[in-house]
């Protein structure tokens, strides 16, 4: 068996061309501009080859990086999220008066589960960076194909896509009210969070999602959700 061919030599970065040679091949009105760009490009390439083997931490302070801690465990736990933020989303979705107002903001007649998903989608689009310190919370929009925190509710998933599609289609023809409604919905949920300060009952929310999963055509990589016996009225808030 023949051996592998030798590796190609590392690319050689050309030394900057002299000012004189550049000026003899370029018009006078372009020479200085080209010379400046040429020198800058060569300098950039030399710097790139110098720092590429290094990690970013070698030349930037640690304060320049934002870190999101990822836990070792796979399942979603109450400690992985801000329960007041989740509680505000659930209040808007399940409290009748709040849900009616939120549906009005989107110019849609929505059920609580679809509104829960859309409120979290609106936060992803319009939320400030500080709102993403607990990314596990956003899994409560459409679950996970691995069943964590619950199976993907395909009916809700499709309804969310339909609402987004209608908003985008109308915006294309100059009617942006529905699309702008997502920004209003995000502000409304944050206002509920500040004024009502509801805190989600994590265990009750998880049980509720599992109970309604089959009715929403819940799916995981292993197949469909199986119907579960209802355990009565649950309080989704602490």
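In our numbering, the protein residues as written are 12 to 249. Even for Gly, the Cβ is constructed at its ideal location relative to N, Cα and C.
Item to check | From 192, 93, 193, 243, residue whose alpha carbon lies closest to that of residue 149 | outcome: 93
Checklist entry - At which residues does the alpha helix (DSSP H) containing residue 110 begin and terminate? => result 107 to 117
Next on the checklist: Is the beta carbon of residue 133 closer than 7 Å to that of residue 197?
Outcome noted: yes
Checklist entry - Quick check: the region 153 to 162 against the region 95 to 105, are there 3 or more CB pairs under 8 Å? => result no
Item to check | Integer-rounded CB distance, given that residue 182 should sit under 8 Å from residue 190 | outcome: 4 Å
Checklist entry - residue 128: which of 184, 168, 83 sits nearest, CA to CA? => result 168
Checklist entry - What separation, rounded to the nearest whole angstrom, lies between the Cα atoms of residue 244 and residue 141? => result 34 Å
Next on the checklist: Can you tell me whether residue 229 is buried or exposed? The criterion is at least 16 other CB atoms within 10 Å of its CB, across all chains shown.
Outcome noted: buried
Checklist entry - If we count the other Cβ atoms within 10 Å of its Cβ and call it buried at 16 or more, is residue 232 buried or exposed? => result exposed
Checklist entry - Looking only at its own chain, which residues have a Cβ that is under 7 Å from the Cβ of residue 87, when we skip the five neighbours before and after it? => result 147, 150, 159, 160
Next on the checklist: Looking at the secondary structure, which residues open and close the beta strand (DSSP E) in which residue 192 lies?
Outcome noted: Careful: residue 192 lies outside any beta strand (DSSP E), inside the alpha helix (DSSP H) at 188 to 206.
Checklist entry - Of the residues 107, 117, 135, 136, which one's Cα is nearest the Cα of residue 123? => result 107
Checklist entry - Where does residue 226 land, buried or exposed, given buried means 16+ other C-beta within 10 angstroms? => result exposed
Next on the checklist: Can you tell me whether residue 220 is buried or exposed? The criterion is at least 16 other CB atoms within 10 Å of its CB, across all chains shown.
Outcome noted: buried
Next on the checklist: Measuring straight from C-alpha to C-alpha, what distance separates residue 237 and residue 222?
Outcome noted: 9 Å
Item to check | Boundaries (first-last residue) of the alpha helix (DSSP H) holding residue 177 | outcome: 165 to 183
Item to check | The beta strand (DSSP E) enclosing residue 231, as first and last residue numbers | outcome: 229 to 231
Checklist entry - With respect to the alpha helix (DSSP H) encompassing residue 219, which residues constitute its N-terminal and C-terminal limits? => result 213 to 223
Next on the checklist: To the nearest angstrom, how far is the alpha carbon of residue 89 from that of residue 207?
Outcome noted: 20 Å
Checklist entry - Roughly how far, in whole angstroms, is the beta-carbon of residue 199 from the beta-carbon of residue 116, given that I think they are within contact range, below 8 Å? => result 6 Å
Checklist entry - So residue 127 is in the alpha helix (DSSP H); what residue range does that whole segment cover? => result 123 to 137
Item to check | Proximity below 7 Å, CB of residue 209 to CB of residue 138 | outcome: no
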